[in-house]
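Trainee: The structure's right below; bear with me while I get my questions together.
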Amino acid sequence: MNEFMQIDKLNNSNYASWLDDIKVVLMEKNLWRITEESEVSPDEALFPKEYNEFQVRKNKAYATMYLSIEKEYRILISEVDDSPQAWKILQKHFRPDSHARVISLTDEFFSCKISEDEDIGLFAARLKKIIIDLKDAGKPIADWYQAFQLIRYLPADYQGMIQIIYRWSDEKFKFINVLNELIAEEARLKQSKSDLEVVALHSANRNSTKKKLESKVKRFSNSEQISLSKAHCKYKNKKPNRARNLNVESSFITEACFNETNGNRNSWVFDTAASSHFCGNKNLFHEFQPLNNNTNMSVAIDGVNCKIEGIGTVKLLFKKGEEIVNLKNVMYSPKLRRNLMAGSLFDKGGASFIGGKGKIDVFSNDGRKLFSARKENGLYYVYPSYPQKRRSNPIALNASNKNNLEDWHRKFCHI
Numbered sequence: 000m001n002e003f004m005q006i007d008k009l010n011n012s013n014y015a016s017w018l019d020d021i022k023v024v025l026m027e028k029n030l031w032r033i034t035e036e037s038e039v040s041p042d043e044a045l046f047p048k049e050y051n052e053f054q055v056r057k058n059k060a061y062a063t064m065y066l067s068i069e070k071e072y073r074i075l076i077s078e079v080d081d082s083p084q085a086w087k088i089l090q091k092h093f094r095p096d097s098h099a100r101v102i103s104l105t106d107e108f109f110s111c112k113i114s115e116d117e118d119i120g121l122f123a124a125r126l127k128k129i130i131i132d133l134k135d136a137g138k139p140i141a142d143w144y145q146a147f148q149l150i151r152y153l154p155a156d157y158q159g160m161i162q163i164i165y166r167w168s169d170e171k172f173k174f175i176n177v178l179n180e181l182i183a184e185e186a187r188l189k190q191s192k193s194d195l196e197v198v199a200l201h202s203a204n205r206n207s208t209k210k211k212l213e214s215k216v217k218r219f220s221n222s223e224q225i226s227l228s229k230a231h232c233k234y235k236n237k238k239p240n241r242a243r244n245l246n247v248e249s250s251f252i253t254e255a256c257f258n259e260t261n262g263n264r265n266s267w268v269f270d271t272a273a274s275s276h277f278c279g280n281k282n283l284f285h286e287f288q289p290l291n292n293n294t295n296m297s298v299a300i301d302g303v304n305c306k307i308e309g310i311g312t313v314k315l316l317f318k319k320g321e322e323i324v325n326l327k328n329v330m331y332s333p334k335l336r337r338n339l340m341a342g343s344l345f346d347k348g349g350a351s352f353i354g355g356k357g358k359i360d361v362f363s364n365d366g367r368k369l370f371s372a373r374k375e376n377g378l379y380y381v382y383p384s385y386p387q388k389r390r391s392n393p394i395a396l397n398a399s400n401k402n403n404l405e406d407w408h409r410k411f412c413h414i
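Just so you know, we're using numbering that gives the first Met the number 0 here: the sequence shown kicks off at 0 and counts up by one.
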C-alpha cells in the first residue's frame with residue numbers, strides 16, 4: 000500500500016484529480032485493463048491456472064481502489080467486490096449524467112482563462128481537460144470553439160500573432176495548430192525579453208565609450224577641411240548585397256508587417272528578432288538604388304515570396320531633428336504594410352536597449368538616448384519624422400568650426 004499512498008485519497012472535492020492518479024497507479028500494477036474491462040477472465044475449465052491468476056489481479060485492483068478512498072466514502076463500493084463495478088459506482092456518484100453537470104462544464108469551458116505567468120502549454124492542458132470531460136458527457140465541443148477559446152483571453156503581447164491566426168482558413172484553424180503557433184510565439188517573446196536584459200545599458204560603459212569618441216574626434220580636428228562622412232568612421236557604408244537569392248531570417252513580427260491590412264506607412268516596428276530593415280514606403284528613402292532585372296532578391300514570409308525591389312538609406316529624425324538615425328541597407332518591398340526596424344543591427348552598431356513598462360529605450364554607443372519604441376497591441380512602434388526632400392551640397396567644416404565638430408557627430412547615428 001505504500002506504493003500508492005502518496006496520492007490524495009478520494010473525497011468530495013478531488014474526484015477529477017483522483018481519477019487521473021488512481022488510473023496511473025492501476026496501470027503501474029498492470030491492473031488498469033481489468034478495471035476498464037478490456038481484459039476479460041479466462042475460461043476456468045480450460046485455463047484454470049490463468050483463471051486463478053486473473054482473479055488475484057482482479058481482487059488486487061479492487062483493494063487498491065478501496066484503500067485509496069476516504070473512509071466515509073468507502074461505503075459507496077463496500078457491497079461490490081470487483082474494480083469495474085466500483086469504478087462505475089464512483090463515476091455515477093461523483094459525475095452524475097445530468098444537465099446540471101453539462102451546463103457547469105460548458106460554463107467552465109467558456110470561462111477558462113490563462114493565469115498570470117502561466118505557460119501556454121499548461122493553460123492548454125487545463126482547457127483540453129474540460130473538452131474531454133464534455134465529450135465524455137456526450138456534449139463535445141466543436142474544433143472551431145476549442146481554437147477560439149485558446150486565444151480568447153491571451154495577454155496583449157500575443158495580439159500580433161492572433162491577428163495572423165484570424166486570417167487562417169477553417170481547415171487550419173484547429174486547436175493543435177493554434178497551440179503550436181502560440182508555443183512558438185511564447186518562446187520568441189521570452190527570448191526577446193532575455194535579449195533586452197542582456198544588452199541593458201550600464202553607465203560605466205557609457206562613460207568609457209564617450210571618452211574614446213572624444214579623443215577620436217580631436218584627431219580629426221587638425222584637418223583643414225573635414226566632411227561629416229569621414230567623422231563617422233565607425234559606421235562605414237556597406238555595399239548592397241547583390242546575391243541572386245537573399246535568405247532573411249524572419250520573425251512573427253516580420254510576418255505581421257507583411258500581412259497587416261491597415262497600417263501607418265510612416266511608422267516603424269522595432270523588432271529585436273529581425274535581422275534586416277524593411278520599408279514599404281518608397282517616399283521615405285533618402286538614398287535609393289533599384290535592383291536591376293538581373294538581380295533577383297526576395298524574402299519568404301509565411302511561405303509567400305515578397306520581392307525586394309530596391310535597397311537604400313532612410314534618414315529618421317527624433318527630438319525635433321536633434322537626433323538623426325541613418326538606417327543603412329534598408330530593403331524596399333511594396334507589399335509591406337508596416338516598416339520594420341531590426342534591433343539586431345542596432346546591437347551590431349554599438350547601440351544598447353533598456354526595456355520595461357511598455358517601451359524600449361534605444362541608446363547610442365556613447366550613452367545618448369536616440370529614441371523610444373512604445374508598445375501597442377503587442378508590438379513596439381517608433382514614430383519618427385523625416386527630412387524634407389531637397390538636394391543639398393555636402394557640409395564641410397574648416398578649422399574654425401572644429402569646436403562644433405563633436406556636436407555634429409553626436410547628432411548622427413549610422414546603423
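Note that beta-carbon positions come from the ideal geometry of N, C-alpha and C, so glycine has one too. On a predicted model such as this, the values are computed, not experimentally measured, just so you know.
Measuring CB to CB, does Pro383 end up less than 7 Å from Leu315?
Mentor: Yes.
Trainee: By Cβ distance, which residues of its chain are closer than 6 Å to Ile182, with the 5 residues on each side in sequence left out?
Mentor: Only Ile119 meet the Cβ criterion.
Trainee: Helix, strand or coil for Gln84? Go by DSSP, reduced to three states.
Mentor: The answer is helix: DSSP assigns Gln84 an H, G or I state.
Trainee: Could you spell out the range, first to last residue, of the alpha helix (DSSP H) harbouring Glu107?
Mentor: Run containing Glu107: 98-110, per the alpha helix (DSSP H) assignment.
Trainee: Would you list, in sequence order, the uninterrupted alpha helix (DSSP H) runs of no fewer than 4 residues that lie entirely inside the region 22-95?
Mentor: Runs of the alpha helix (DSSP H) inside the region 22-95: 31-34, 47-66, 82-93.
Trainee: What separation, rounded to the nearest whole angstrom, lies between the Cα atoms of Gln90 and Phe122?
Mentor: Each residue's alpha carbon lies about 26 Å from the other.
Trainee: How big is the Cα-Cα spacing for Glu322 and Asp106?
Mentor: If I take the Cα positions, the gap works out to 55 Å.
Trainee: Tyr61: buried (16+ other C-beta within 10 angstroms of its C-beta) or exposed?
Mentor: The residue is buried, with at least 16 neighbouring Cβ atoms inside 10 Å.
Trainee: Arg166: buried (16+ other C-beta within 10 angstroms of its C-beta) or exposed?
Mentor: Exposed.
Trainee: Can you tell which of Phe46, Ser274, Gly311 has its C-alpha closest to the C-alpha of Gln288?
Mentor: Taking only the C-alpha atoms, the option nearest Gln288 is Gly311.
Trainee: Using CA atoms only, rank isn't needed, just tell me which of Leu126, Glu180, Leu344 is closest to Ser110.
Mentor: Of the candidates Leu126, Glu180, Leu344, the one whose C-alpha sits nearest the C-alpha of Ser110 is Leu126.
Trainee: By the DSSP assignment, the beta strand (DSSP E) with Ile353 in it spans what residues?
Mentor: Taken as a continuous stretch (DSSP letters only), the beta strand (DSSP E) holding Ile353 covers 351-355.
Trainee: Between which residues of its own chain and Ser207 is the CB-CB distance below 8 Å, once the five residues before and five after are set aside?
Mentor: Residue confidence for Ser207 is low, a pLDDT of 49 falling below 50, so the modelled location carries little weight; the figure read from the coordinates is stated next. Closer than 8 Å at Cβ, skipping near neighbours: no residue.
Trainee: Nearest CA to the CA of Ala124: which residue from Ala136, Lys138, Ala146?
Mentor: Considering only alpha carbons, the answer is Ala146.
Trainee: What do you get for Val23, buried or exposed, if any count of 16 or more other CB atoms within 10 angstroms of its CB means buried?
Mentor: It counts as exposed.
Trainee: I need the straight-line Cα distance from Asp142 to Asn176, nearest angstrom please.
Mentor: Each residue's alpha carbon lies about 11 Å from the other.
Trainee: Return the bridge partner residues of Ser384 from the DSSP annotation.
Mentor: In DSSP, Ser384 forms a bridge with Leu316.
Trainee: Hey, Gly279 and Lys327 are a contact pair by Cβ (cut 8 Å); roughly how many whole angstroms apart?
Mentor: Not really, about 18 Å apart at Cβ, beyond 8 Å.
Trainee: By DSSP's criteria, Glu375 is part of a beta bridge. Which residues make up the other side?
Mentor: Its beta-bridge partners are Leu378.
Trainee: Tell me whether Ile140 sits in a helix, a strand or coil according to DSSP, three-state version.
Mentor: DSSP places Ile140 in coil when its eight states are reduced to three.
Trainee: Would you give the residue range spanned by the alpha helix (DSSP H) that Leu133 belongs to?
Mentor: Residues 119-135.
Trainee: Measuring CA to CA, which of Ile76, Arg73, Asp81 is closest to Phe53?
Mentor: It is Asp81 whose Cα lies nearest to the Cα of Phe53.
Trainee: Work out the CA separation of Asn29 and His92 for me, nearest whole Å.
Mentor: Roughly 26 Å between the two C-alpha positions.
Trainee: Does Ile102 pass the burial test, meaning 16 or more other C-beta atoms within 10 Å, or should it be called exposed?
Mentor: It is exposed - the Cβ of Ile102 has fewer than 16 other Cβ atoms within 10 Å.
Trainee: Is it a yes or a no for the region 155-172 touching the region 126-138, going by three-plus beta-carbon pairs under 8 Å?
Mentor: Verdict: no, contact absent.
Trainee: Start and end of the beta strand (DSSP E) containing Tyr331?
Mentor: Counting along the chain, the beta strand (DSSP E) containing Tyr331 begins and ends at 322-331.
Trainee: What does the alpha-carbon distance come out to for the pair Pro139 and Leu18?
Mentor: Going by the C-alpha atoms only, they are around 20 Å apart.
Trainee: Residues in the same chain with beta-carbon distance under 6 Å from Ser40, minus the five sequence neighbours each way, listed in chain order, please.
Mentor: Counting only Cβ-Cβ distances below 6 Å, and skipping sequence neighbours, we find Phe53.
Trainee: Can you name the residues that DSSP bridges to Trp267?
Mentor: Trp267 is bridged to Asn338, Val381.
Trainee: Could you check what DSSP says for Gly311 in three-state terms: helix, strand or coil?
Mentor: Residue state, collapsed to three classes: strand.
Trainee: Terminal residues of the continuous beta strand (DSSP E) containing Gln288?
Mentor: That run of the beta strand (DSSP E) goes 284-289.
Trainee: In the DSSP assignment, the alpha helix (DSSP H) including Ile164 goes from what residue to what residue?
Mentor: Start and end: 158-165.
Trainee: What would DSSP say about Trp175, mapped onto helix, strand or coil?
Mentor: Sequence check: residue 175 is Ile here, not Trp. Looking at Ile175 - three-state DSSP - the assignment turns out to be helix.
Trainee: Would you report the Cα separation of Asp169 and Gln190, rounded to the nearest angstrom?
Mentor: Going from the Cα of Asp169 to the Cα of Gln190 covers about 31 Å.
Trainee: Given this structure, state the Cα-to-Cα distance separating Tyr379 from Asp270, to the nearest angstrom.
Mentor: C-alpha separation (whole angstroms): 7 Å.
Trainee: Do the CB positions of Asp132 and Leu104 come within less than 7 Å of each other?
Mentor: Their beta carbons are under 7 Å apart, which means Asp132 touches Leu104 by this criterion.
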